[in-house]
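**Q**
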Amino acid sequence: MKVSGVCLGVVNMGLMLVWPSVAFADMQRDNSTIYGNSITLSDTQMDFVGSILPAGSLLGTLAGGHLVARIGRRGSMLWLTIPCVLAWVILAVSYNLATILIGRFVNGLYCGLVVVAGWAYAVELPDIAVRGSLAAFPTLFLQLGYIIVLVSGLCLRWYQISFVGIGTSIISVVALWFIPESPSYLIATGREDEARRELRSLRGVHADIEDEINDLRVKNSNLKSVSFFEILKIPDIRKTLIVLFVLFFIHNFCGMQIFTVNMTRIFRESGTLLGEAISSLIVFLTLLVGSTVSIFTINHIGRRNSMVISLSILVVCLVMFGSYVHTTDSEKAARAEEIKKNASAMLTTHTIKVKK
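Under the working numbering, the sequence shown has 238 at position 238, and the numbering climbs by one with no breaks.
The following block contains the structure:
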C-alpha cells in the first residue's frame, strides 16, 4: 500500500505523456479554448507540443538527483506537487500555442523529477524478497495514468482534463503524508534511530533489520567522501552503468514514447473502424495487462529473461507496424502516380481535340 501511495505521483506522469494524444483528437472536433477562442495547430506544431516535454524532462532529471540527495525521496515527491499543479493550471488556461508549449515544458520538468524521486522511492521501500515485483508498480501506475486520461477525454474537453491532473496531485500529497521517508536516505543523513523505526514498520516487528541497517551504513560510509568520477573507476559500478545505459537507450529509442504521444493520430490516419479513442484504449489496456503479468512472473523467470521476452515481442510488433506503413505508403504513392498519368493522358487528349 505504501509503494502504491508513492506511485500515485507517477499516475500524473502518465496523464502528461498521453495528454497530447487526447488533446489533439479533441481539437480536431472542436478547437475552442476555455475562453471560447480557437486554436488551430498544424502537424508540425502538434509534433512540437509532443516533443517539448522531453526537453523539460532532461532538466528535471538533472535537477532531480541533487533534490533527492538534499531533501530526501518523500520531501522531493511533496515539493514536486508545485510544478505539477502549475503545469496543469497553465494547460487549463492556455489560449494559444505558446502557452501550451510552456505548460508542456513544465510537465517535462515534473516528469524528469518524478522519474528520479518516484522510482528510487518505490524501489527502496520494499525488502529484497518482493522488490522485483514491486519495482514494476511505477510502470503499472504510469500506464494507469494513460488509461485515465484517455477515458477522461471521452467526456471532457482538452483543457478540462487538466483538472483531473490537479485532483490526482492532491490525492498523491494526501497519500504521502502517511508514507515514511526512505530508510536508505535516513541512514545516509545520519538519522539511524528514525531509519530503524521506519524499517520496523515496513518489515514487521519480528524481522531482523540490523543486517539491513549495517549494509546500508557500510554502503553509504564507503561512498560518502568519494566523488562521482572516482565512483566511475570502480569496475563493478562502471559495468552496471554500462548495462543500464544500454537498456535505457533501447527503451528510449525503440519508439514507444512516440507511439504513446501520437496514438490517436496514428489510428486516425490508419482509418480504423473502431475509432481512434477505442483503439488507443485497447493498446493501453494491453500495456497494463503486460505490466500486471510481469508483477507475478518477474521473480520466477528473472529480470534478464523478462527483458529478452519483452524485446522479442517488441521487435516482431515493430516489424509488423513498419511493414504496414511501408506497404500503405507504397500503395498511396502508386495510386497517386496512376492518377497523375490518367490526368496527363486526359489533358493530352483534350488538347488534341481542342487543336482539331
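Each residue gets a CB set at the ideal place from its N, CA and C atoms; glycine is no exception.
Suppose the cutoff is 6 Å on Cβ atoms and the five residues either side in sequence are ignored; what does the same chain contact list for S38 look like?
**A** N31 and S32
**Q** Would you call the CB atoms of L150 and L281 closer than 8 Å?
**A** yes
**Q** May I ask you to report which of helix, strand or coil DSSP gives S184?
**A** helix
**Q** Would you tell me roughly how many angstroms separate the C-alpha atoms of E124 and R74, rounded to the nearest one?
**A** 12 Å
**Q** Does the segment 111-121 come within contact of the segment 12-19, defined as at least 3 CB pairs closer than 8 Å?
**A** yes
**Q** Quick one: grab the DSSP three-state call for S94.
**A** Reduced to three states, the DSSP call for S94 is coil.
**Q** What residues are listed by DSSP as bridge partners for S32?
**A** Looking at the DSSP assignment, S32 forms a beta bridge with S38.
**Q** Let me make sure I understand the geometry here. Which of L101, C84, V293 and K332 has the alpha-carbon closest to that of T134?
**A** One point to set straight first is that residue 134 is Leu, not Thr, in the sequence displayed. Nearest C-alpha to L134: V293.
**Q** Tell me which residue opens and which closes the alpha helix (DSSP H) that N299 is part of.
**A** E276 to I301
**Q** Let me know the secondary structure DSSP gives P54 once reduced to three states.
**A** helix
**Q** Ignore the nearest five residues each way along the sequence and tell me which others in I179's own chain have a CB closer than 7 Å to its CB.
**A** Excluding residues up to 5 positions away in sequence, K2, G5, V6 and R74 lie with their Cβ nearer than 7 Å to the Cβ of I179 in the same chain.
**Q** What residue from C254, E276, A343 and R303 has the CA that sits closest to I316's CA?
**A** Correcting the residue identity first, residue 316 is Val in this sequence and not Ile. Checked all of C254, E276, A343 and R303; the closest Cα to V316 is C254.
**Q** In this structure, how does DSSP classify K239 when only helix, strand and coil are distinguished?
**A** helix
**Q** With a cut-off of 8 Å, do at least 3 Cβ pairs link the segment 142-157 to the segment 89-98?
**A** no
**Q** Could you name the residues of the same chain whose beta carbon sits closer than 7 Å to that of Q143, not counting the 5 residues immediately before and after it, in chain order?
**A** Close CB contacts of Q143 within its chain, under the 7 Å cut and outside five residues either way in sequence, are with G14, F284, L287, L288 and S291 (chain order).
**Q** Go through its chain and collect everything with a Cβ distance to R196's Cβ below 7 Å, but skip five positions before and after it.
**A** Same-chain partners within the cutoff: I209 and I213.
**Q** With distances taken from CA atoms, which of L62, I82 and I161 is nearest A23?
**A** I161
**Q** Could you give the DSSP three-state label for V205: helix, strand or coil?
**A** V205 sits in coil when the DSSP states are folded into three classes, being neither helix nor strand.
**Q** Going by CA-CA distance only, name the one from T168, G275 and I258 that's closest to L53.
**A** I258
**Q** Starting from Y146, follow the alpha helix (DSSP H) in both directions and report where the run begins and ends.
**A** F137 to G153
**Q** Report buried or exposed for E338, applying the criterion of at least 16 other Cβ atoms within 10 angstroms of its Cβ.
**A** By the neighbour-count criterion, in which 16 or more other beta carbons inside 10 Å mark a residue as buried, E338 falls on the exposed side.
**Q** Would you call the segment 47-66 and the segment 169-184 touching, i.e. three or more CB-CB distances under 8 Å?
**A** no
**Q** Quick check on I179: does DSSP put it in helix, strand or coil?
**A** It is coil, neither helix nor strand.
**Q** Tell me which same chain residues have a C-beta within less than 8 Å of the C-beta of A136, skipping the five on either side of it?
**A** S291, S294, I295 and I298
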